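Per this note's numbering, residue 12 is the first one in the sequence shown, and the count goes up by one each step.
All C-beta atoms, glycine included, are put in the ideal place defined by N, C-alpha and C.
Small disclaimer: the values here were computed from a predicted structure and weren't measured.
These notes concern the structure reproduced below.
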Amino acid sequence: MVNVTNKEIYNKLLEIEKQVIRTNGRVALNRWISSTALTFVVLCIGWMILT
12 MVNVTNKEIY NKLLEIEKQV IRTNGRVALN RWISSTALTF VVLCIGWMIL T
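Written out as structure tokens, the structure reads:
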């Protein structure tokens, strides 16, 4: 009985950990996309000012 419970808890923890890793990856990707877009916008504005 106890072993089954421990295994269930362990599996649940693994599941949560995988979700956290997935979420962190998505956040990092979104941050990279937004910073890249921001850089592109700044370059475009700078180019429009120069020309």
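Practice prompt. Assign Thr62 to one of three DSSP states: helix, strand, or coil.
Written response: In this structure, Thr62 counts as coil in the three-state DSSP scheme.
Item to complete: Whole angstroms is fine: what's the gap from Gln20's alpha carbon to Ser46's?
Response: A small fix is needed here, since residue 20 is Ile in this sequence, not Gln. Roughly 39 Å separates the two Cα atoms.
Fill in: C-alpha gap between Thr34 and Thr62, whole angstroms
One Cα belongs to Thr34, the other to Thr62, and the distance between them is close to 42 Å.
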